[in-house]
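Report on the following structure.
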Amino acid sequence: QVQLAESGGGLVQAGGSLRLSCAASRLIFSSYDMGWYRQAPGKEREFVARLDWIGYTYYADSVKGRFTISRDNAKNTVTLQMNSLKPEDTAIYYCNLRTAATRLDYWGQGTQVTVSS
């Protein structure tokens, strides 16, 4: 079973930065997208960013220009650099892995990001 381990969440003031990382293990396939979703209290989980297996990046409009996603295929890790954070970025952030062939999703346990005003 694929495992995703996130790290890097925490508390930061508005305008600050945080870096989230996610390491995938027990992989049994070679082609997959990796990305991030988030869920704020009382809201549904929403897409944040994705880097697909080809190398294209996708961002939610709300984070474009502030967040940058990158991945290290040799280490099976994905990183989300979050700059100019806003209070509305406060949420639990989930790492996501989606297989390229079957579009099957795997999720991490989530890491809390809190941005104070």
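With positions in the sequence shown counted from 1, the corresponding number in our numbering is that position plus 13.
Just so you know, even glycine gets a beta-carbon here, dropped at the ideal spot from N, CA and C.
- Within the same chain, and ignoring the five residues on either side of R58 in sequence, the residues whose Cβ sits closer than 6 Å to its Cβ are Y50 and Q52.
- The count of Cβ pairs closer than 8 Å, one atom from the segment 79-96 and one from the segment 58-71, reaches three, so the stretches are in contact.
- Within the DSSP secondary-structure output, G23 pairs in a beta bridge with V126.
- Relative to the Cα of L117, the nearest Cα in the group S97, V91 and L40 belongs to L40.
- Taking the C-beta atoms as reference points, T124 is found nearer than 8 Å to S20.
- Secondary structure of E59 (DSSP, three-state): strand.
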